[in-house]
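Those sequence lines, one after another, are chains A and B. Residues in the first sequence are numbered consecutively from 1, following the numbering used here. Residues in the second sequence are numbered consecutively from 1001, following the numbering used here. I have placed the structure first, in the form of structure tokens, so that the comments after it can refer back to it.
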Amino acid sequence: MTILETTGLTITLNGQPLVRDVSFGLAARDRVGLIGESGSGKSLTALALLGLLPPGMRTSGRILIDGEDHLGAPDRQWRRVRGRTVSIVFQEPLTALDPLMPVGRQIAGPLRLHQGLNRSDAERRAIEWCDRVHLPDPARLVRALPHELSGGQRQRVALAMALACRPRVLIADEPTTALDVTVQAQILTLLDELIEDTGVALLFISHDLPVVAGLARHLLVMRTGRLVESGPVDDVLRRPRSDYARQLVASAARVTRLARPSVRREDR
Amino acid sequence: MSTPLVEAVETIEALDTPARRRRGWRSPSFVLGAALLLAILVLALMSLVWSPYGLDHTDPAARLAGPSARHWAGTDRLGRDQFTQLMLGARTAVWIGLASVAVAFVIGVPLGLLAAAAGRFVENAVVGVIDIVIAFPTLLLAMLLVTVYGASTAVAISAIGIGVSAEVARLTRISASRVFTQDYVLAARTCGTGPLMILVRHVLPNIWHTLLVQAALAFGVAVIAEASLSYLGLGTPPPAPSWGRMLQEAQSTVSVAPWNVLLPGLAVAVTVVGVNLLGDGLREVLDPQLRQERQAADR
């Protein structure tokens, strides 16, 4: 069953369309990659799916979450969905965590909010989640502040925070772009493991075709606000139909050839 | 958004050198500021239990006397002991200073938070009000209030508090707006956190250190304002002693008894310099960014 579906999503700023007529759906265990260059509207689409577009942007179309149209819904209604049905992980794990709050409390926040857990239960759950994302010494680590963690560890915390309330859709907006290549590979492995375990549907956003291709089964290609291609990963990689997808595949192939055979996922 | 102001804040933050950051609690400005303020505070608190003479005590035989063993700081033209006046004046200054800062924060912080959290319309409205209050001289406001309600401690506190609250509101709005644009606030919102929880969990913890430093500086401003009001006869009415009124009363006899002017003036100066140094030191100690970098440097 489709959990999250958008049809004809259009986002405009001062009359200028930034995203045009985007439609796709996510069902349980789907793994969809959304690829496109910066400025193509990928991140805006992601924010729109959470009802968090910056003020001043206008939207039209439909965003169905469990069959209910949320586009233009009041913030109250969106808040029930955010973190509980749809979660997101951002690109920059340092700025996405409050610098003054111990990471355990940050993971516990959504748990207390959505599941009404008390402080100690929520903290116990936060420790469990730290363990699930393979952070070392979880019981101690939950008391650390973000700056005391490495970039990869912070992204693990962000993942734990996003998944803590067992959402059914996880949007990962360039979650590995800010990390160096080895850490990137570890986070991708972890992400793979977590979505397999939890059955969460994944929308993986990136500009990096090899990274997306390693994780997604279905590929959406976006350019200047439009979806130019959509299909199973293998089809898009072997028989790209649009010019842009062809360019992407060609340039990715060039990079991979340079780095072959050991490194499959090349940074940029 | 008032970009020049934000830039100014950032410039001030950029002026920090690593050497200044590491000093922390031992920084000379903090220690000196705390010592100066402590001296004033001790005078004020001591006056509650002991002072050389009573408030009403006059020594007609020793009018305009210079400093001596009997009158450490001399006497004024009515023969009142100046050190007693100074101690009791410290009490007035500290009390009105603290109360005005409290009023300023009770008004200013919620107003600033509201402006930062609400939409553009409310923000512009609040910023407009803030700008008007900042442009309106506090002394003039005090005069208006005194004309309507008569001179009293409460009126002085309200006038100073309202005057200072605009600056507090402005700083709160700027600091809070900066937090609101941070990714971690967006991340909190993606988890379904509502606006009130974001204020409590993320905004206040990230701005209180800035506000505390502002409170220290505002205290200095309030003490000067209180002295000015009393000097003009608009502050705490007699017989409650005040540094401002001591100055005003000593003015006519300044050629024969200059120490009578010097002492209250010095008291105001010590308080204000002390509070500014303390604020500066506090900022170095509390600023989370500086603190983190200090910890990183220690490791």
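We treat Cβ as the ideally placed atom computed from N, Cα and C, and that holds for glycine. Keep in mind that this is a model prediction, so the values were computed, not measured.
Would a check of beta-carbon distances place residue i closer than 8 Å to chain B?
| i | result |
| --- | --- |
| A/Met-161 | yes |
| A/Glu-87 | As written in the sequence, residue 87 of chain A is Ser, which differs from the Glu given in the question. Closer than 8 Å to some Cβ of chain B, the Cβ of A/Ser-87 qualifies, so yes. |
| A/Thr-95 | yes |
| A/Pro-110 | yes |
| A/Arg-154 | no |
| A/Gly-83 | yes |
| A/Leu-64 | no |
| A/Leu-71 | no |
| A/Glu-92 | yes |
| A/Met-1 | no |
| A/Arg-246 | no |
| A/Arg-79 | yes |
| A/Gln-243 | Here residue 243 of chain A turns out to be Asp, not Gln, going by the sequence shown. No - not a single Cβ of chain B is within 8 Å of the one on A/Asp-243. |
So for residue i, helix, strand or coil by DSSP?
| i | result |
| --- | --- |
| A/Gln-186 | helix |
| A/Val-313 | The question about residue 313 of chain A has no answer, for chain A in this structure spans 1 to 268. |
| A/Val-255 | helix |
| B/Leu-1015 | Confidence in B/Leu-1015 is poor, its pLDDT being 49 and thus under 50, which makes the residue's placement too unreliable to answer from. |
| A/Gly-83 | coil |
| B/Asp-1183 | helix |
| A/Asp-21 | strand |
| A/His-269 | Nothing about residue 269 of chain A can be read from this structure; chain A reaches only from 1 to 268. |
| B/Arg-1021 | Low per-residue confidence applies at B/Arg-1021: pLDDT is 47, beneath 50, and the placement is therefore not dependable, though the value from the model is reported in the following sentence. In this structure, B/Arg-1021 counts as helix in the three-state DSSP scheme. |
| B/Asp-1280 | helix |
| A/Asp-69 | strand |
| A/Glu-37 | coil |
| A/Glu-266 | Because A/Glu-266 sits at a pLDDT of 46, beneath the cut-off of 50, its placement in the model cannot be relied upon, and the point is left open. |
| A/Met-57 | strand |
| A/Asn-14 | coil |
| B/Ser-1002 | Because B/Ser-1002 sits at a pLDDT of 44, beneath the cut-off of 50, its placement in the model cannot be relied upon, and the point is left open. |
| B/Gly-1150 | coil |
| A/Gly-116 | coil |
| A/Gly-315 | Because chain A spans 1 through 268 in this model, residue 315 of chain A falls outside it and cannot be assessed. |
| A/Leu-149 | coil |
| B/Arg-1063 | coil |
| A/Leu-179 | coil |
| A/Leu-50 | coil |
| A/Leu-26 | strand |
| A/Leu-135 | coil |
Under 8 Å, Cβ to Cβ, is there at least one residue of chain A near residue i?
| i | result |
| --- | --- |
| B/Ala-1187 | yes |
| B/Gln-1214 | no |
| B/Thr-1193 | yes |
| B/Thr-1210 | no |
| B/Arg-1283 | no |
| B/Asp-1183 | yes |
| B/Asn-1206 | yes |
| B/Thr-1253 | no |
| B/Thr-1084 | no |
| B/Thr-1138 | no |
| B/Arg-1021 | Reliability of the predicted coordinates at B/Arg-1021 is poor, the pLDDT of 47 falling under 50, and no value is obtained from them. |
| B/Thr-1236 | no |
Quick one: is residue i buried, meaning 16 or more other Cβ sit within 10 Å of its Cβ, or exposed?
| i | result |
| --- | --- |
| B/Gln-1082 | buried |
| B/Leu-1045 | exposed |
| B/Met-1246 | buried |
| B/Tyr-1149 | exposed |
| B/Ser-1252 | exposed |
| A/Ser-60 | exposed |
| B/Arg-1021 | Unreliable placement is indicated for B/Arg-1021, whose pLDDT of 47 sits below 50; no coordinate value is reported for it. |
| A/Phe-204 | buried |
| B/Asp-1076 | buried |
| B/Asp-1280 | buried |
| A/Met-1 | exposed |
| A/Asp-281 | With chain A running from 1 to 268 in the structure shown, residue 281 of chain A is simply not present. |
| A/Asn-118 | exposed |
| A/Ile-127 | buried |
Is the Cβ of residue i closer than 8 Å to any Cβ of chain E?
| i | result |
| --- | --- |
| B/Arg-1201 | No chain E appears in this structure, whose protein chains are A and B. |
Tell me whether residue i, by its Cβ, gets closer than 7 Å to a heavy atom of the ligand ZN.
| i | result |
| --- | --- |
| A/Leu-203 | Ligands in the displayed structure: none, and consequently the ligand ZN is not present. |
**chain B contacts made by the segment 14 to 44 of chain A, where a contact means CB separation under 8 Å** = none
Length-filtered (4 minimum) alpha helix (DSSP H) runs lying within the segment 1100 to 1136 of chain B
1120 to 1135
(message) Taking beta-carbon pairs under 7 Å, can you tell me which members of the segment 1167 to 1179 of chain B lie near chain A?
(response) none
Can you pull out the residues from the segment 203 to 231 of chain A whose beta carbon lies closer than 9 Å to at least one beta carbon of chain B? none
- Task: Kindly provide the ranges of any alpha helix (DSSP H) runs that are 4 or more residues long and lie completely inside the segment 193 to 241 of chain A, ordered along the chain.
- Result: 209 to 215 and 233 to 238
query = Any residues in the segment 165 to 185 of chain A with a beta carbon nearer than 7 Å to a beta carbon of chain B? Which ones, in chain order?
reply = none
The segment 108 to 140 of chain A: which residues have C-beta closer than 7 Å to a C-beta of chain B, in chain order? Gly-109, Pro-110, Leu-113 and His-114
Next item on the list: Report the residues of the segment 49 to 61 of chain A with a CB closer than 8 Å to any CB of chain B, ordered along the chain.
Entry: Leu-50, Leu-52 and Pro-55
Which residues, in order along the segment 1130 to 1158 of chain B, keep a beta-carbon less than 7 Å from a beta-carbon of chain A? none
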